[in-house]
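Here is the structure we will look at, set down as structure tokens.
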Amino acid sequence: MPSVTIEGPKIEEVEIKRELVKEITDALEKAYKIPREAYVVVIKENSPENVGVGGKLIIDRYK
Numbered sequence: 000m001p002s003v004t005i006e007g008p009k010i011e012e013v014e015i016k017r018e019l020v021k022e023i024t025d026a027l028e029k030a031y032k033i034p035r036e037a038y039v040v041v042i043k044e045n046s047p048e049n050v051g052v053g054g055k056l057i058i059d060r061y062k
């Protein structure tokens, strides 16, 4: 069972998450020629206070 994990900032609207999962599944199905029911897509949402880039928390980069 192929899986994809997407890590990024929180997506507030569930409808946007639905579309994201659908589009990723469509692309996987097209590339691998495996039925869409086989794919698992996981969205991991990270708060800006939990992610660092360049030695700084993201939350501090925009202050």
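Take the sequence shown: its letter number 25 is residue 24 in numbering that gives the first Met the number 0, and every next letter is one higher.
Where is the CB? At the ideal position from N, CA and C, for every residue including glycine.
Computed from a prediction, not measured in an experiment: that's the story for all the values here.
Through-space distance from residue j to residue i, alpha-carbon basis
i   : j   : result
E14 : G53 : 32 Å
G7  : D59 : 17 Å
K43 : I57 : 16 Å
G51 : Y61 : 12 Å
CB of residue i within 8 Å of CB of residue j, strictly
i   : j   : result
A26 : P1  : no
E46 : K9  : At residue 46 the sequence reads Ser, which differs from the Glu that was named. Cβ atoms of S46 and K9: closer than 8 Å.
L3  : I33 : At residue 3 the sequence reads Val, which differs from the Leu that was named. No, the pair does not count as a contact, with Cβ atoms beyond the cut-off.
R17 : E28 : no
Host beta strand (DSSP E) of residue i (start-end)
i  : result
I5 : S2 to G7
Complete alpha helix (DSSP H) runs within the stretch 31-62 (minimum length 4 residues, chain order): 57-60
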